[in-house]
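Only one structure is covered here, and it is reproduced in the block below.
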Amino acid sequence: MDRPSVVKTIVNALSEIMQREYSEVTEETRLFEDLHLDSTSVLTLLMALEDQTGIEVDPESLQMENFQTIGTLADYIEGNLDVSV
Amino acid sequence: MTTDYLRGIKKALTGDGSTPLVLVCNFEAEAFWAERYLGLPSVPFSASTRLVRRMEELGVLLGGPDDYLVVSEDVDPGFRRYAEDLGFALPTVLVPENVDPARSTTENALASPELLARLGGIDGVLLPMGTTVPEQKLAEETGLPLAVPGAEVFERVNSKIYGRRVAAAGGLRPVPGFECETTAEFLAVLDELEPLVAQGERVVVKDAYGVSGKGLVVLDAAVKVAGVRKLVTRRAARTGDDRLHVVVERWLPKRFDLNYQFTVGRDGAVAFDFVKQALTEDGVHKGHLVPAELPPHHHEELRRAADVIGARLHADGFSGVAGVDAILGADGVLYPLLEINARLNMSTYQGGVTERLLPPGHTALARHYTLRLDGRLPFDHVRATLGALLDERDGERVVVTCAGTVNANAADDAPFEGRLYAVLVAPDRSRLAALDAATQTALTTLESR
């Protein structure tokens with residue numbers, strides 16, 4: 000899975016969970032401040048990303064830094080994809 | 000002057016309507032009660048801790064001139080002037096001399112010997128929003144008696160598992176669902192409910208100590224059932240800890256949510272305070288409306304439920320203010336107990352405002368406005384921007400109830416998120432909606448561009 004696919008997977012999952020279209024988001028878009036993600040939607044987002052990318056995430060091991068922006072979340076997923084390969 | 004509302008609370012909790020209160024508005028109480036329990040796996044961070052803590056400033060309009068309010072940051076002088084111009088006689092505001100933003104206000108107070116000495120000299124009682132271990136310690140350190148029971152009682156009666164059991168034992172119409180205390184129990188419940196979810200039913204899983212809107216997950220597709228099953232199974236295997244304290248409930252189609260409040264006196268007397276109707280827009284909670292659009296028989300049913308729940312709370316050692324969430328189903332059936340919040344509620348802090356500024360026969364909306372700001376916003380600027388909306392005109396006005404939350408996240412990168420809490424008053428619902436829209440429009444001019 001290349002970087003654009005990872006970002007696209009995240010944006011699609013966010014659209015589904017938040018039930019709105021995100022046409023103008025970029026890797027710099029902030030998850031909490033700009034998209035108003037909350038701790039409940041984070042868990043649902045993780046479940047969706049696990050399902051679509053095959054990675055396994057222990058939510059309790061996550062750091063806030065992983066969830067700053069779409070880009071930092073993509074970094075985190077790419078890092079875990081490498082591990083599982 | 001002290002409002003009748005506050006005098007009533009003092010009388011119920013201390014036997015005397017003039018007892019001075021030391022208020023600590025620890026909105027983060029649930030997080031302390033949750034410490035010994037395990038909810039759904041969750042990420043170990045929250046974007047809004049500072050904002051939640053800063054809601055303590057709501058206590059400014061609850062306390063009277065004989066009372067004290069302990070807060071970590073002093074009240075904006077502009078907001079103080081505004082509240083006094085409205086005719087409120089404010090409590091004495093006390094700020095701990097050692098404040099660390101990472102700590103709660105009670106923890107800051109415990110680390111501040113000068114404040115502890117000052118509190119120790121007050122001839123009054125300590126009324127926290129809800130007692131947790133730090134507030135209990137504050138009572139011990141200062142010698143101020145608690146107006147309400149200790150942390151252990153609060154922890155016990157604020158669990159959603161407890162609430163479901165009270166409904167069942169008290170014969171109150173239950174929301175169909177289950178209580179779980181172990182992962183094995185939870186997985187068995189998921190097995191039972193999965194076919195329903197596959198048929199399009201929605202099921203909600205809530206942490207026993209989740210704050211409203213947090214610590215819950217809605218299962219509306221088989222893939223989500225599988226996801227949550229995987230998460231809890233994996234955690235239990237990794238930690239060897241099989242505990243899981245959640246309730247699992249069918250998602251009921253509803254007309255609206257309700258919230259009612261009553262006060263359980265030390266003597267066990269239950270006084271019904273009020274009922275409010277939740278206002279939602281596109282499924283998002285927007286605020287609470289009074290009066291609730293309920294026929295008299297539903298009001299009666301809620302009063303009876305309050306008596307049943309209040310009696311049970313008192314039997315279990317509780318006295319104090321309690322809020323209960325209820326649902327009016329789409330079919331007109333009332334579910335009088337969705338969850339108990341046996342602590343001061345948002346509505347408690349608005350009790351004095353509605354008593355003084357809501358004329359009989361009028362309608363009110365309590366809500367907050369989210370602001371995206373580029374820098375700290377002094378309250379005088381907010382006041383100037385809202386201008387005439389804040390003045391009483393032909394039965395309508397906006398009353399700001401908490402301004403400290405506007406700048407709670409000001410240390411973050413811009414734009415940061417702040418909240419302005421308000422109660423809107425108008426003669427009818429349509430004018431209330433127009434006032435709400437006008438307020439939103441005015442506040443937008445303050446936002447980051």
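Chains A and B, in that order, are what the protein sequence lines are. What the first sequence shows, in numbering that gives the first Met the number 0, is residues 0 to 84, in sequence order. What the second sequence shows, in numbering that gives the first Met the number 0, is residues 0 to 448, in sequence order. For every residue, glycine included, the Cβ atom is placed at its ideal position computed from N, Cα and C. Just so you know, these numbers come straight off a predicted model, no measurement behind them.
Measure the Cβ-Cβ separation of B/G123 and B/V59 and say whether it is below 9 Å. no
Closest residue to B/A441 among B/R375, B/A387 and B/A116 (Cα-Cα distance): B/A387
Work out the CA separation of B/P76 and B/R375 for me, nearest whole Å. 14 Å
Which class does A/D50 belong to by DSSP, given the choice of helix, strand or coil? helix
According to the neighbour-count rule (16 or more other Cβ atoms, all chains shown, within 10 Å of its Cβ), is B/D206 buried or exposed? buried
Are three or more beta carbon pairs between the region 296 to 305 of chain B and the region 218 to 227 of chain B nearer than 8 Å? no
Contact set for B/E354: own chain, Cβ-Cβ below 8 Å, skip 5 residues either direction: T2, D3 and Y4
First through last residue of the beta strand (DSSP E) which encompasses B/V332: Neither: B/V332 is in no beta strand (DSSP E) and is coded neither H nor E.
Name, in chain order, the residues that DSSP records as bridge partners for B/G339. The sequence given here places Ile at residue 339 of chain B; Gly does not occur at that position. In the DSSP output, where bridge partners are listed per residue, B/I339 has B/V323.
So with CB distances below 9 Å, who are the chain A contacts of B/S41? S38, T39, V41, L42, P58 and E59
Contacts that A/D50 makes with chain B (C-beta to C-beta distance below 7 Å): V222 and G226
Using only the alpha-carbon positions, how far apart do B/G63 and A/N79 sit? 56 Å
Among A/T25, A/E15 and A/V56, nearest to B/S41 - alpha-carbon criterion: A/V56
Using the Cα positions of A/N11 and B/M345, report the straight-line distance between them to the nearest angstrom. 36 Å
Please report how far the alpha carbon of B/G403 lies from the alpha carbon of B/A236, in whole angstroms. 44 Å
Does B/L230 come within less than 9 Å of chain A when only Cβ atoms are used? yes
So, under 8 Å CB-CB, B/V147 and B/L126 are touching, yes? Tell me the CB distance rounded to an integer number of Å. 7 Å
Taking only three categories from DSSP, how would you classify B/H361? coil
Contact list for the region 334 to 358 of chain B against chain A, Cβ threshold 8 Å: none
Tell me, to the nearest whole angstrom, how far the beta carbon of B/A321 is from that of B/Q276; I am working on the premise that it is less than 8 Å. In fact, because the Cβ distance is near 18 Å, the residues do not count as touching under 8 Å.
Tell me whether A/V84 is buried or exposed, calling it buried when 16 or more other Cβ atoms sit within 10 Å of its Cβ. Because A/V84 sits at a pLDDT of 42, beneath the cut-off of 50, its placement in the model cannot be relied upon, and the following sentence gives the value as read from the coordinates. With fewer than 16 Cβ atoms within 10 Å of its Cβ, A/V84 is classed as exposed.
Within chain A, partners of B/E248 - CB distance below 7 Å: The premise fails here: B/E248 is roughly 15 Å from chain A at the closest Cβ pair, so nothing lies under 7 Å.
What is the DSSP secondary structure of B/R164, counted as helix, strand or coil? helix
Just verifying my parser: in three-state terms, what is the DSSP assignment at A/V84? At A/V84, the pLDDT of 42 sits below 50, so the modelled position is not reliable; the number obtained from the coordinates is stated separately. A/V84: coil per DSSP, three-state reduction.
Using a cut-off of 9 Å between C-beta atoms, extract the partners of B/E416 located in chain A. F31, E32 and H35
How should B/M0 be labelled, buried or exposed, when 16 other C-beta atoms within 10 angstroms of its C-beta is the threshold for buried? exposed
Terminal residues of the continuous beta strand (DSSP E) containing B/E83? B/E83 -> not in any beta strand (DSSP E); alpha helix (DSSP H) instead, spanning P76 to D84.
Suppose the cutoff is 8 Å on Cβ atoms and the five residues either side in sequence are ignored; what does the same chain contact list for B/V405 look like? L370, L372, L376, F378, V381, G417, R418 and L419
Is DSSP giving B/A421 helix, strand or coil here? strand
Contact set for B/F78: own chain, Cβ-Cβ below 6 Å, skip 5 residues either direction: F378 and A402
For B/A270, list the residues DSSP reports as bridge partners. B/T262
Start and end residues, alpha helix (DSSP H) containing B/V405: Neither: B/V405 is in no alpha helix (DSSP H) and is coded neither H nor E.
Taking the C-alpha atoms as reference points, what is the distance between B/R163 and B/E83? 43 Å
Helix, strand or coil: which one does DSSP assign to B/P19? coil
List the whole-angstrom C-beta distance separating B/V74 from B/E55, where the pair is believed to meet the contact cut-off of C-beta under 8 Å. The Cβ separation is near 10 Å, so there is no contact.
Could you spell out where the beta strand (DSSP E) holding B/Y67 opens and where it closes? Y67 to V69
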